[in-house]
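Q: Provided herewith is a single structure, encoded as structure tokens, for subsequent inquiry.
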Amino acid sequence: MAELHLRIVTPDRTIVDRKVAGVRFAGIDGSYGILPHHAPLMTAIAQAGTVQITELDGKEIDLFASDGFAQVQNNVLTLVCEAGEFAHEIDLERVKAAEQKAREKLAGLDRLSTEFVKAEAALRKALAREMLARKGSGSTTLS
Numbered sequence: 164m165a166e167l168h169l170r171i172v173t174p175d176r177t178i179v180d181r182k183v184a185g186v187r188f189a190g191i192d193g194s195y196g197i198l199p200h201h202a203p204l205m206t207a208i209a210q211a212g213t214v215q216i217t218e219l220d221g222k223e224i225d226l227f228a229s230d231g232f233a234q235v236q237n238n239v240l241t242l243v244c245e246a247g248e249f250a251h252e253i254d255l256e257r258v259k260a261a262e263q264k265a266r267e268k269l270a271g272l273d274r275l276s277t278e279f280v281k282a283e284a285a286l287r288k289a290l291a292r293e294m295l296a297r298k299g300s301g302s303t304t305l306s
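This is the structure in structure tokens:
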């Protein structure tokens with residue numbers, strides 16, 4: 164079976180650095196499915212969301228990734244993200260608090276303001292993390 168080397172890094176740590184069968188994620192201009200021997204590519208990861216990893220044995224594992232960029236070159240997919248974590252690493256209570264804080268902040272802001280856009284992005288990030296944590300599909304870690 165063909166393999167793709169996947170690296171997912173954040174400022175804090177390397178989350179994944181191993182061979183996989185494929186990866187799906189949302190880029191700035193749509194959804195991407197990356198398989199072994201994909202053409203060279205560079206794109207922004209503009210919204211917080213789920214990265215779905217298909218392991219060599221066919222098992223799928225999801226993780227949360229926030230803003231960053233993706234590069235495919237020489238059969239290596241590198242995702243550099245502001246933040247990333249597996250579902251089992253997400254603290255639901257912390258996520259709920261972040262969601263509530265973002266909702267409260269949004270309520271008092273002008274929809275055309277920069278602060279509104281930032282608060283809206285924080286809310287989307289909290290909701291994406293909460294959805295992934297509740298799904299619970301990331302209970303297995305990649306090493």
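Under the numbering used here, read the sequence shown as residues 164 to 306, first letter to last. The beta carbon of each residue, even a glycine, is placed where N, CA and C say it ideally should be.
Any idea what DSSP makes of E223, helix, strand or coil?
A: To locate residue 223, count along the sequence shown from 1; it is residue 60. DSSP places E223 in strand when its eight states are reduced to three.
Q: From C244 to F188, what does the alpha carbon distance come to, in whole angstroms?
A: In the sequence shown, the residue the question calls residue 244 occupies position 81. In the sequence shown, the residue the question calls residue 188 occupies position 25. Rounded to whole angstroms, C244 to F188 spans 12 Å at the Cα level.
Q: Secondary structure at A211, three-state DSSP: helix, strand or coil?
A: The residue given as residue 211 occupies position 48 in the sequence shown. In this structure, A211 counts as coil in the three-state DSSP scheme.
Q: Alpha helix (DSSP H) containing T277: first to last residue?
A: Position 114 of the sequence shown holds residue 277. Note, T277: alpha helix (DSSP H), 277-298.
Q: A202 by DSSP, collapsed to three states: which one?
A: Position 39 of the sequence shown, counting from 1, holds the residue named residue 202. A202 falls in the coil class under three-state DSSP.
Q: Using only the alpha-carbon positions, how far apart do G212 and D220 sit?
A: Position 49 of the sequence shown holds residue 212. Position 57 of the sequence shown holds residue 220. The C-alpha of D220 is placed about 24 Å away from the C-alpha of G212.
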